[in-house]
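The structure appears right after this line, and notes come after that.
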Amino acid sequence: MRSYILAKGIIKAISFFLGLGLLLFVLYQLRTLIIYLVIAAVLTLLCRPLVYFFRERLNISKTLGAVIALVIALAIMSGLGLMFVPMLAEQTKQIAVYDPENIQVELDKVYEKISEYSGASKQDVADAVKETEIEKSVMEEMDDEEGPTLMDRLINILTQLSIGLLSVLFMSFFMLKDHSSIQRFLLAMIPKEHRKQTISSLDKIKDLLSRYFLGLVLQIFILFIIYAITLYLVGTENALIVSFFCALFNIIPYAGPVIGAVFMALLTLTSHSDIDFSNGALPLVGYVLIGVTIGQLVDNFISQPFIYSNSVKSHPMEIFVIIIASGLLFGIMGMMVAVPMYAVLKVIIKEFYWRNGFVRFWTKGI
Numbered sequence: 082m083r084s085y086i087l088a089k090g091i092i093k094a095i096s097f098f099l100g101l102g103l104l105l106f107v108l109y110q111l112r113t114l115i116i117y118l119v120i121a122a123v124l125t126l127l128c129r130p131l132v133y134f135f136r137e138r139l140n141i142s143k144t145l146g147a148v149i150a151l152v153i154a155l156a157i158m159s160g161l162g163l164m165f166v167p168m169l170a171e172q173t174k175q176i177a178v179y180d181p182e183n184i185q186v187e188l189d190k191v192y193e194k195i196s197e198y199s200g201a202s203k204q205d206v207a208d209a210v211k212e213t214e215i216e217k218s219v220m221e222e223m224d225d226e227e228g229p230t231l232m233d234r235l236i237n238i239l240t241q242l243s244i245g246l247l248s249v250l251f252m253s254f255f256m257l258k259d260h261s262s263i264q265r266f267l268l269a270m271i272p273k274e275h276r277k278q279t280i281s282s283l284d285k286i287k288d289l290l291s292r293y294f295l296g297l298v299l300q301i302f303i304l305f306i307i308y309a310i311t312l313y314l315v316g317t318e319n320a321l322i323v324s325f326f327c328a329l330f331n332i333i334p335y336a337g338p339v340i341g342a343v344f345m346a347l348l349t350l351t352s353h354s355d356i357d358f359s360n361g362a363l364p365l366v367g368y369v370l371i372g373v374t375i376g377q378l379v380d381n382f383i384s385q386p387f388i389y390s391n392s393v394k395s396h397p398m399e400i401f402v403i404i405i406a407s408g409l410l411f412g413i414m415g416m417m418v419a420v421p422m423y424a425v426l427k428v429i430i431k432e433f434y435w436r437n438g439f440v441r442f443w444t445k446g447i
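The sequence shown begins at 82 in this note's numbering and counts up by one.
See below:
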């Protein structure tokens, strides 16, 4: 009898791990579809207030409201594309025609400026660079003749982006139009005794996440304006596109602003390679870092408190611990999704365990 029970337990354990492995394998194979669904869900949450406004204030049907909201979102994305794609195309064209000999000349200029500023000889700087194999890597990339295949890669990327965009818009439309049907489908899988709490949780989650992502867009826009003004004033090339991508880096908590600052500082140096290093380029880098500091002060003391107070209703220390813990467990992606997932968790726990005194204290205000 004991051997039968033991064998049965072993079979159940093996079946569980096999099923789990199969599920993870299927999810990995469908990772592109999952990414499309996540992006569509975020776009739906961003457009949801517009659809609600059209329906309640302008008496526009949900279907037409969803179409108008997505057209507005598509127009904004197209505007950003029209603004940034020509700059990217110009940079791509420049990369495609790079001559390895010109790269060597530019590296020599960098050697000379670093030598003058640090007091080291040119040979010492060259030896240090060779030890890190930076120059070797750069020259190998340039000699690899990637330029002629760049257009093929670009076409492939544009094709994938077009398919992804159409898929996201299609899914977002039906999420906006038929969200009640989707909700009923999900509720059909929930036991009847828990459906009331589930409905309340879903409604609160949609409201909180909508406010969170709208606040995140506002946060990125504010940083983009501050960075763009800073880079424009110091004369950094392609200030708009650089500031936009550096503002996007801010999505990565704590590490993102540092990456953006380093990126802007390096591009500022390369944009002013023809001026004196210590008396010209370095002060400009200092001005860029001052602009980054101003942007981060605005972000930390105005933007983020506004976003967190209207979404997760949590103390900054609480958010800090959650983000760091998520980063340690799941890496950068964990840090990026930590705050919205934490908000979802708090809502669910409050709805199902509201009688607990600690839960009422922890989730107060949600």
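Built from N, CA and C at the ideal position, the CB exists for glycine as well.
Residue i and residue j closer than 8 Å at C-beta
i, j, result
"S384", "L126", "no"
"V315", "I120", "no"
"I447", "K431", "yes"
"Y434", "V440", "yes"
"S253", "L124", "yes"
"T349", "L329", "no"
"A424", "V402", "no"
"P421", "Y308", "no"
"V280", "V379", "It is Ile, not Val, that sits at residue 280 in the sequence shown. Cβ atoms of I280 and V379: not closer than 8 Å."
"L108", "I115", "yes"
"L289", "Q264", "no"
Nearest residue (CA-CA) to residue i, options the options
i, options, result
"R129", "I280, I286, A94 and L103", "I286"
"G367", "V393, A346 and T240", "A346"
"N381", "L161, P334 and Q241", "P334"
"Q241", "A156, T317 and T113", "T113"
"F344", "L409, V369 and A88", "V369"
"H353", "L267, V379 and N319", "N319"
"T311", "F106, G376 and I91", "G376"
"S243", "F305, M158 and I306", "M158"
"F305", "L105, N360, F387 and L161", "L161"
"R436", "A336, L295 and Q278", "Q278"
"A453", "E274, L409, H396 and Y389", "Absent from the model: residue 453. The displayed extent of the chain is 82 to 447, so no value can be given."
"L299", "S262, I388 and G438", "I388"
"L131", "L295, I371, A419 and V339", "L295"
"P338", "I371, I238 and I236", "I371"
N-terminal and C-terminal residue of the alpha helix (DSSP H) that residue i is part of
i, result
"L137", "The amino acid occupying residue 137 in the given sequence is Glu; Leu does not appear at that position. Run containing E137: R112 to R138, per the alpha helix (DSSP H) assignment."
"E432", "P397 to F433"
"Y308", "R276 to V315"
"A342", "A336 to S352"
"G372", "L363 to V379"
"S261", "H260 to L268"
"S142", "First-last for S142: undefined, no H or E at that position."
"V323", "A320 to L329"
"F442", "G438 to W443"
Chain-order list of residues whose beta-carbon lies under 8 Å from that of residue i (same chain, five-residue window excluded)
i, result
"L103", "none"
"E222", "Legend: pLDDT at E222 = 48, less than 50; position of this residue unreliable, no value from coordinates given."
"I332", "L297, I301 and M417"
"K89", "none"
"R276", "L268"
"P386", "P397"
"A94", "none"
Same chain, Cβ closer than 7 Å to residue i, five either side skipped, listed in chain order
i, result
"S84", "none"
"F442", "none"
"L151", "C128, L250, S253 and F254"
"L87", "none"
"C327", "Y308, G341, F344 and M345"
"L99", "none"
"I271", "T279"
Cβ-based neighbour list, residue i, same chain, cut-off 6 Å, excluding 5 preceding and 5 following
i, result
"V373", "A342"
"R138", "none"
"I141", "F135"
"T444", "K427 and K431"
"Y313", "A320"
Residue i at chain D interface by Cβ criterion, 8 Å
i, result
"S248", "Reference to chain D is not applicable here, since this structure consists of a single protein chain."
Inter-stretch contact (C-beta, 8 Å, three-pair minimum) for the region 405 to 414 and the region 307 to 325: The region 405 to 414 vs the region 307 to 325: no contact.
Sufficient close CB pairs (3 or more, under 8 Å) joining the region 236 to 250 to the region 106 to 122: The region 236 to 250 is in contact with the region 106 to 122.
Segment contact flag, the region 255 to 266 with the region 139 to 148, C-beta cutoff 8 Å, min 3 pairs: Contact between the region 255 to 266 and the region 139 to 148 is present: three or more C-beta pairs spanning the two stretches fall below 8 Å.
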